[in-house]
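In this text, residue positions in the sequence shown follow our numbering: the first is 80, and each later residue adds one.
Just so you know, even glycine gets a beta-carbon here, dropped at the ideal spot from N, CA and C.
To keep things clear, I will list the structure first and then write my remarks on it.
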Amino acid sequence: MQRTLILAKPDTVCKHVVGAVTTKFEQVGLVLRAMKMLRLSAKQAEEFYKEHLGKPFYGPLIKFMTSAPIVAMVWEGENAIAVARSVMGATNSTEAAIGTIRRHYGTDNRYNAVHGSDSLTSALREINFFFKPEEIYTYNDNDCKRD
Ligand code: IDP
Ligand code: MG
Numbered sequence: 080m081q082r083t084l085i086l087a088k089p090d091t092v093c094k095h096v097v098g099a100v101t102t103k104f105e106q107v108g109l110v111l112r113a114m115k116m117l118r119l120s121a122k123q124a125e126e127f128y129k130e131h132l133g134k135p136f137y138g139p140l141i142k143f144m145t146s147a148p149i150v151a152m153v154w155e156g157e158n159a160i161a162v163a164r165s166v167m168g169a170t171n172s173t174e175a176a177i178g179t180i181r182r183h184y185g186t187d188n189r190y191n192a193v194h195g196s197d198s199l200t201s202a203l204r205e206i207n208f209f210f211k212p213e214e215i216y217t218y219n220d221n222d223c224k225r226d
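Encoded structure:
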């Protein structure tokens, strides 16, 4: 089983579509293991996106990511990283495939609704960035069956 870190970005929160976005991941069979709302500080956003330091979109990206709260989530499943990226669609919302989250809820290549880890290494780093081990929940479907 693989885990991936997903962020509902500030545009998703401000448009009140966190639920709709979350549903998309549930619909492809991924399982929610952790979730929290928070507002990134500039320092946190800079650290999170440090691989993009020096690129022209870095400054505006930090401004966008700190403009309102986000919702961080850990989703788990077979090939969770690739599955989540495929549900999300391409970085530029206008080029994302029809039916994807970014095509539906994003606006352009910055305001693109969601973040998703792009590799196993990033997923590990990004999950640890937002969650302590005890904030990630393992459970199975039978745990909440009626007696
Ligand atoms: P990804 O989110 O699809 O993995 P990355 O290349 O890792 O895309 O870029 C991180 C984020 O930076 C994107 O999700 C988007 O918000 C923003 N971004 C990427 N490329 C551009 C661009 O060319 N213009 C403006 N913003 C961009
Ligand atoms: Mg990326």
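The Cβ neighbour count for N207, taken over all protein chains shown within 10 Å, is under 16; the residue is labelled exposed. Taking K94 as reference, the option from Y184, L199 and L86 with the minimal CA-CA separation is Y184. Per DSSP, the unbroken alpha helix (DSSP H) holding K103 starts and ends at V97 to Q106. With fewer than 16 other Cβ atoms inside 10 Å of its own Cβ, K211 counts as exposed. For A159, the uninterrupted alpha helix (DSSP H) segment begins and ends at A159 to M167.
Sorting R182, M116, L109 and L132 by C-alpha distance to the C-alpha of V97 places M116 at the top. Remark: C-beta atoms of L86 and A159 do not approach each other more closely than 8 Å. For T200, the enclosing alpha helix (DSSP H) starts and ends at L199 to F209. For I215, the closest of K88, G195, T102 and E155 by C-alpha to C-alpha distance is E155. Annotation for D187 indicates a beta carbon at 7 Å or more from all heavy atoms of ligand 2. Per DSSP, the beta bridge partners of V193 are A87.
Per the C-alpha coordinates, the member of E157, Y128, M152 and G133 positioned closest to F143 is Y128.
Boundaries of the alpha helix (DSSP H) harbouring I180: I180 to Y184, taken from the DSSP string.
In this chain, the beta strand (DSSP E) harbouring M114 covers V110 to L117.
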